[in-house]
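Chains as they are written, first to last, in full-length UniProt numbering: chain A, 1 to 310; chain B, 1 to 439. Where is the CB? At the ideal position from N, CA and C, for every residue including glycine. Predicted model, so just to flag it, every value in this text is computed and none were measured. Here the structure is laid out as structure tokens; the discussion comes afterwards.
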Amino acid sequence: MSAASEFAVLLKNRGKAKDKATDTKPALGFLAPWLIGAVCLTFVPMVISLYLSLTKYNMLTSPKFVGLQNYATLLQDTRYLQSLKVTFSYVIISVPLQLIAALALAVVLDRGMRGLTFYRSAFYLPSMLGGSVAIAVLWKMVFGSDGLFNQALGLFGLDVTQSWIANTATANGTLMVLHIWQFGSPMVIFLAGLRQIPRELYEAASVDGAGKWRQFLSITLPMLSPIIFFNLVMSIINSFQTFTQAFVVSGGTGGPNDATLFYTLYLYMQGFGSMKMGYAAAMAWILVIIVAVLTVINFALSKYWVHYDD
Amino acid sequence: MKSMKKWITAAAAVAAASMALAGCAGGTSVTGGAEVKASDEDVTIRISWWGSDTRVQITEDAIKAFEKEHSNINVETTYNDWSGYWDKLATENAGKNAPDVMQMDELYLASYASQGSLLDLDKTSEYLKLDGMDESLKDMGKVDGTQYAAPISSTAFGVVINNDVVEKLGLTVPDTSAWTWDDLIAFAKQVVQASNGETVGIAPLNNGMTLQLWARQQGENLFTDGKVSISEDALASYLQMAYDWTHGDDPIAGTPDHQAEQASGTLDQSDFATNKQAMIFTQSTQISTYAKAAGTDNMTLVPMPNDDPSNKYGYLKPGMYWAVSSQSKHPAEAAMLVDYLLNNEEVGKTLGTDRGIPSNNSIREILAETSTGTDKQALDFPAQIEDTLGDAPSITPNGASDLDKIIARYNQKVMFGEQSAADAAKAMISELNTAIASA
Chain A
1 MSAASEFAVL LKNRGKAKDK ATDTKPALGF LAPWLIGAVC LTFVPMVISL YLSLTKYNML
61 TSPKFVGLQN YATLLQDTRY LQSLKVTFSY VIISVPLQLI AALALAVVLD RGMRGLTFYR
121 SAFYLPSMLG GSVAIAVLWK MVFGSDGLFN QALGLFGLDV TQSWIANTAT ANGTLMVLHI
181 WQFGSPMVIF LAGLRQIPRE LYEAASVDGA GKWRQFLSIT LPMLSPIIFF NLVMSIINSF
241 QTFTQAFVVS GGTGGPNDAT LFYTLYLYMQ GFGSMKMGYA AAMAWILVII VAVLTVINFA
301 LSKYWVHYDD
Chain B
1 MKSMKKWITA AAAVAAASMA LAGCAGGTSV TGGAEVKASD EDVTIRISWW GSDTRVQITE
61 DAIKAFEKEH SNINVETTYN DWSGYWDKLA TENAGKNAPD VMQMDELYLA SYASQGSLLD
121 LDKTSEYLKL DGMDESLKDM GKVDGTQYAA PISSTAFGVV INNDVVEKLG LTVPDTSAWT
181 WDDLIAFAKQ VVQASNGETV GIAPLNNGMT LQLWARQQGE NLFTDGKVSI SEDALASYLQ
241 MAYDWTHGDD PIAGTPDHQA EQASGTLDQS DFATNKQAMI FTQSTQISTY AKAAGTDNMT
301 LVPMPNDDPS NKYGYLKPGM YWAVSSQSKH PAEAAMLVDY LLNNEEVGKT LGTDRGIPSN
361 NSIREILAET STGTDKQALD FPAQIEDTLG DAPSITPNGA SDLDKIIARY NQKVMFGEQS
421 AADAAKAMIS ELNTAIASA
């Protein structure tokens, strides 16, 4: 992102002054690794996928142009609608819960307790591991019928033998828990944000007789709102792209009974399983639009609750 | 405004560049009608397959022997697990760099052949002999009358019984030589009752080959002339099994949740491989895989239950195929490699029954003489069920490669009571027909 904005600045300044112009070329040279990557690996494939979304393409023969047919078919595809339902409920539930968990932990850790660095690393660890295949496999075992979770319930005298992963009502829930468990990375960002809040504000507030909760609501939250906003936007974008966990936990089927049929998983199944690359490309573009619209809405709403100092 | 203009220019440039790139990717090397002739110069060909570590090991051994005999041919190998294999193969085909020789499955054969991705093996007949196998098996490598693939092996479907589990419960296996579905269910129920529900009797059928067999037991076929031909009633009775076996008192397959969990697990973790299930429907050659996983050789391979003894419902399904890519620059060498893997007796011994019962009859006989235990049961099985074998069915049509996944999905819908078997049958037939029509 920053490389992109620097590039824009470079373009803007080009030719403004002679000495600046001579700077442009070496700068472009330094930017080349990013530029080439962005063009070849992002922009070009995106344009091609936009074209493919208007075709019927099974990868074995050349794409055949079909206009908007793929998009029209999507609206009648009940499994596609199911994948939207699964993904939206996942995002709506797990994103806020994850951010609340991250913020709560950050506030507690910010009090400057002993061994802070240890706790910070320990809580951050799941974020580094959470997206991996290994953790997804572990999750499958933890929430299986003979899993750790049921054994833990057994310690409290609850004899549960159902599999949480294989039950249509709880399968998506276990994946939400997995997402929430990865609260470490927003937490670290919150921690950094908390450090930026001037201590005088709290001192002044306590002199005025404000309690901890009052201080949190009137100082911490408003001062932290740009960070919360950043985390919210990133988290929503990432959650829409959830794939690995659902793929591993359901064995690549989106099961049981399509309960974990995440958007990107269904996209993958259509593209590579059924060899409908055109259809999959159309799905990908709708996902881009969904995420873009949500991000725009987020930005529009942000002016009502995000406070910037300057 | 000015920056807007620049972005438009940039976008146009990107579009132009992408056209250029797309143009570059178009270079192909289709052998088409050209004559297939072996080269004297050094050539490199690539072979790709899916399968376990054991398969990788023995296949590489076989290929090393091939390279020794043909010093000018260098063979590169690539392998993958089942689902990764098909992802990669499709992508490689799209990128025009498909492997010269590829392992093919019945589910995908028609898709690849009808899209022109495979070479007509009659063109390579000088180098690749297919006369070592039964005609009916060889014919299952044909799509629309053209021999696009060479069956590596055949496999039959049966029931494997884990005798350790049965004996531990103090039960005896009934006479299975002519058993009916009721016999099987009754025995499975005994297992569940004797174990207080700790041991599963048997899991319901849920894949393409078993649906085919089920249809044939009702005197129908799953596909005819590239279309779905199973009746709604026959399909509904098949799907109903998933519900009946997981509901009521002492369900013989356990709860729906349990079956769903099993479906997403690996073979090694499955109930049958961990001695928690008495019987399993499976391909005959899988008996040794399960025996190894469960750590017991005390297993028996028996025929499928069948209510009408006069019905010739059985068939030998090509376990896998070798196919040569139509993009191959060295089709003659590719054909030589396939011939070597299929027909060389020494290599036949190396490869054993890992890919199923070898299609080459003389290799099968050699293996039958030397093998023991579960391997021998698998090799002898076709003779055991000979009376039930009928004509080979049509292969899975183009567009229906997802058959197994579709069956599994509707099975779950019925099992979880979300849809009645009749409704699910109707929906599934229409989904399959749409998939075939739109392919």
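Checking the sheet assignment: what are the DSSP bridge partners for phenylalanine 281 of chain B?
For the purposes of this step, residue 281 of chain B is taken as the residue at position 281 of the second sequence. Checking the DSSP bridge columns, you'll see phenylalanine 281 of chain B partnered with B:Val159.
Have a look at leucine 125 of chain A and glycine 184 of chain A and give me their C-alpha separation to the nearest angstrom.
One-based indexing of the first sequence puts residue 125 of chain A at position 125. One-based indexing of the first sequence puts residue 184 of chain A at position 184. Roughly 7 Å separates the two Cα atoms.
List the residues of chain A whose Cβ lies closer than 9 Å to the Cβ of threonine 91 of chain B, in chain order.
As a first step, residue 91 of chain B must be located in the second sequence, where it is residue number 91. By Cβ distance, chain A contributes Met59 and Phe272.
Can you find a CB in chain B that lies within less than 7 Å of the CB of glycine 154 of chain A?
Counted from its first residue, the first sequence places residue 154 of chain A at position 154. Closer than 7 Å: no.
In angstroms with no decimal places, state the Cα-to-Cα distance between threonine 295 of chain A and serine 239 of chain A.
Position 295 of the first sequence, counted from the first residue, corresponds to residue 295 of chain A. Position 239 of the first sequence, counted from the first residue, corresponds to residue 239 of chain A. Near 13 Å, if we compare the C-alpha coordinates of serine 239 of chain A and threonine 295 of chain A.
Secondary structure of lysine 292 of chain B, DSSP reduced to three states:
As a position in the second sequence, residue 292 of chain B is number 292, starting the count at 1. Of the three classes helix, strand and coil, the one that applies to lysine 292 of chain B here is helix, per DSSP.
Taking just the CA atoms, how far does alanine 94 of chain B sit from alanine 11 of chain B?
On the second sequence, position 11 is the one that residue 11 of chain B refers to. On the second sequence, position 94 is the one that residue 94 of chain B refers to. For alanine 11 of chain B, the predicted model reports a pLDDT of 48, less than 50, meaning its position is unreliable and no value from the coordinates is stated.
With DSSP as the reference, label serine 264 of chain B as helix, strand or coil.
Counting from 1 along the second sequence, the entry for residue 264 of chain B is found at position 264. The answer is coil: DSSP assigns serine 264 of chain B none of H, G, I, E or B.
Find the nearest neighbour of glycine 201 of chain B within the set B:Tyr79, B:Trp245, B:Glu106 and B:Leu109, judged by alpha-carbon distance.
Within the second sequence, the letter at position 201 stands for residue 201 of chain B. Of all alpha-carbon atoms in B:Tyr79, B:Trp245, B:Glu106 and B:Leu109, the one lying nearest the alpha-carbon of glycine 201 of chain B is that of B:Trp245.
Are the beta-carbon atoms belonging to valine 192 of chain B and methionine 279 of chain B less than 7 Å from one another?
Taking the second sequence and counting its residues from 1, the one referred to as residue 192 of chain B is at position 192. Taking the second sequence and counting its residues from 1, the one referred to as residue 279 of chain B is at position 279. No, the Cβ-Cβ distance between valine 192 of chain B and methionine 279 of chain B is not below 7 Å.
Pick out whichever of B:Gly141, B:Asp225 and B:Ile152 has its Cα sitting closest to the Cα of alanine 344 of chain B.
Walking along the second sequence from the start, residue 344 of chain B turns up at place 344. A quick correction: the sequence has asparagine, not alanine, at residue 344 of chain B. Of the candidates B:Gly141, B:Asp225 and B:Ile152, the one whose C-alpha sits nearest the C-alpha of asparagine 344 of chain B is B:Ile152.
Going by beta carbon distance, what residues of the same chain come within less than 6 Å of tyrosine 108 of chain B, once the five residues before and after it are set aside?
As a working note, residue 108 of chain B is residue 108 in the second sequence. The beta carbon of tyrosine 108 of chain B lies closer than 6 Å to those of Ser401 in the same chain, with the five residues before and after it left out.
Asparagine 361 of chain B (DSSP reduced to helix, strand or coil)
Indexing the second sequence from 1 puts residue 361 of chain B at position 361. Three-state DSSP puts asparagine 361 of chain B in a helix.
Residues sharing a beta bridge with tryptophan 245 of chain B, DSSP:
Locating residue 245 of chain B in the second sequence gives position 245, where the first residue counts as 1. BP columns for tryptophan 245 of chain B are empty, so no partner.
Please return the same chain residues whose Cβ sits closer than 6 Å to the Cβ of alanine 149 of chain B, not counting the five positions on each side in sequence.
For this step, residue 149 of chain B is matched to residue 149 along the second sequence. Excluding residues up to 5 positions away in sequence, Met104, Leu109, Gly141, Tyr321 and Ala323 lie with their Cβ nearer than 6 Å to the Cβ of alanine 149 of chain B in the same chain.
In terms of residue numbering, what span does the beta strand (DSSP E) encompassing asparagine 80 of chain B cover?
Position 80 of the second sequence, counted from the first residue, corresponds to residue 80 of chain B. Annotation for asparagine 80 of chain B: the continuous beta strand (DSSP E) segment containing it runs 73–80.
Determine the DSSP secondary structure at arginine 216 of chain B, reduced to helix, strand or coil.
Looking up residue 216 of chain B in the second sequence gives position 216. It is helical.
Local Cβ density within 10 Å of methionine 113 of chain A, reported as buried at 16 or more and exposed below that
For the purposes of this step, residue 113 of chain A is taken as residue 113 along the first sequence, with counting starting at 1. With fewer than 16 other Cβ atoms within 10 Å, it is exposed.
Within-7 Å CB hit, glutamate 261 of chain B to chain A:
Position 261 of the second sequence, counting from 1, holds the residue named residue 261 of chain B. So, interface residue.
When you compare only the Cα positions, how much space is there between asparagine 72 of chain B and serine 39 of chain B?
Looking up residue 72 of chain B in the second sequence gives position 72. Looking up residue 39 of chain B in the second sequence gives position 39. Rounded to whole angstroms, the separation of the alpha carbons of serine 39 of chain B and asparagine 72 of chain B is 9 Å.
Check whether the Cβ of glutamine 412 of chain B lies closer than 7 Å to any Cβ atom in chain A.
Position 412 of the second sequence, counted from the first residue, corresponds to residue 412 of chain B. The beta carbon of glutamine 412 of chain B sits closer than 7 Å to some beta carbon of chain A.
Methionine 275 of chain A at chain B interface by Cβ criterion, 7 Å:
The count along the first sequence starts at 1 and reaches residue 275 of chain A at position 275. Closer than 7 Å to some Cβ of chain B, the Cβ of methionine 275 of chain A qualifies, so yes.
Top-ranked residue by Cα proximity to residue 456 of chain B, from B:Glu69, B:Ile47 and B:Asp42
The first residue shown for chain B is 1 and the last is 439, placing residue 456 of chain B beyond what the model contains.
Secondary structure at tyrosine 308 of chain A, three-state DSSP: helix, strand or coil?
Taking the first residue of the first sequence as position 1, residue 308 of chain A is located at position 308. Annotated three-state conformation of tyrosine 308 of chain A is coil, per DSSP.
In terms of alpha-carbon separation, which member of B:Glu167, B:Glu365 and B:Ala424 lies closest to serine 231 of chain B?
Position 231 of the second sequence, counting from 1, holds the residue named residue 231 of chain B. Of the candidates B:Glu167, B:Glu365 and B:Ala424, the one whose C-alpha sits nearest the C-alpha of serine 231 of chain B is B:Ala424.
Pairwise C-alpha distance: aspartate 375 of chain B and threonine 353 of chain B:
In the second sequence, residue 353 of chain B corresponds to position 353, counting from 1. In the second sequence, residue 375 of chain B corresponds to position 375, counting from 1. Distance from the CA atom of threonine 353 of chain B to the CA atom of aspartate 375 of chain B, rounded to whole angstroms, is 7 Å.
Please identify, using Cβ separations under 8 Å, the residues of the stretch 390–405 of chain B that lie next to chain A, in order along the chain.
Against chain A - using a Cβ distance shorter than 8 Å - the residues of the stretch 390–405 of chain B are Ser401, Asp402 and Lys405.
7 Å Cβ cutoff, alanine 242 of chain B in contact with chain A:
Mapped onto the second sequence, residue 242 of chain B falls at position 242. Put simply, the CB of alanine 242 of chain B is far from chain A, with every gap to its CB atoms at 7 Å or more.
So what's glycine 208 of chain B in DSSP terms, helix, strand or just coil?
Taking the second sequence and counting its residues from 1, one reaches residue 208 of chain B at position 208. Under the three-state reduction of DSSP output, glycine 208 of chain B falls in the helix class.
In the DSSP assignment, find the alpha helix (DSSP H) that holds alanine 136 of chain A and state where it starts and stops.
Locating residue 136 of chain A in the first sequence gives position 136, where the first residue counts as 1. Element bounds for alanine 136 of chain A: 133–142.
Rounding to the nearest angstrom, what Cα-Cα distance links alanine 20 of chain B and valine 44 of chain A in this structure?
Position 20 of the second sequence, counting from 1, holds the residue named residue 20 of chain B. Position 44 of the first sequence, counting from 1, holds the residue named residue 44 of chain A. Note on alanine 20 of chain B: pLDDT 41, under 50, position unreliable in the model; the coordinate value appears next. So the two alpha carbons sit approximately 10 Å from each other.
For the alpha helix (DSSP H) containing tryptophan 181 of chain B, list its first residue and its last residue.
Here residue 181 of chain B corresponds to residue number 181 of the second sequence, with the count starting at 1. Start and end: 181–194.
Glycine 116 of chain B versus chain A: which residues are under 9 Å apart at the beta carbon?
Stepping through the second sequence from its first residue, residue 116 of chain B is reached at position 116. Correct list: Leu60 and Thr61.
If you compare alpha carbons, which of B:Gly295, B:Asn298 and B:Pro303 is closest to serine 284 of chain B?
Reading the second sequence from its first residue, position 284 is the one you call residue 284 of chain B. Check the Cα spacing between serine 284 of chain B and each of B:Gly295, B:Asn298 and B:Pro303: the tightest is with B:Pro303.
If you pair each beta-carbon of the stretch 244–263 of chain A with each one of the stretch 162–181 of chain A, do three or more pairs fall below 8 Å?
Taking a cut-off of 8 Å on C-beta distances, the stretch 244–263 of chain A touches the stretch 162–181 of chain A, as three or more cross pairs fall below it.
Name the two residues that bound the continuous alpha helix (DSSP H) containing methionine 428 of chain B.
Position 428 of the second sequence, counted from the start, is the residue given in the question as residue 428 of chain B. For methionine 428 of chain B, the uninterrupted alpha helix (DSSP H) run begins and ends at 421–437, by DSSP.
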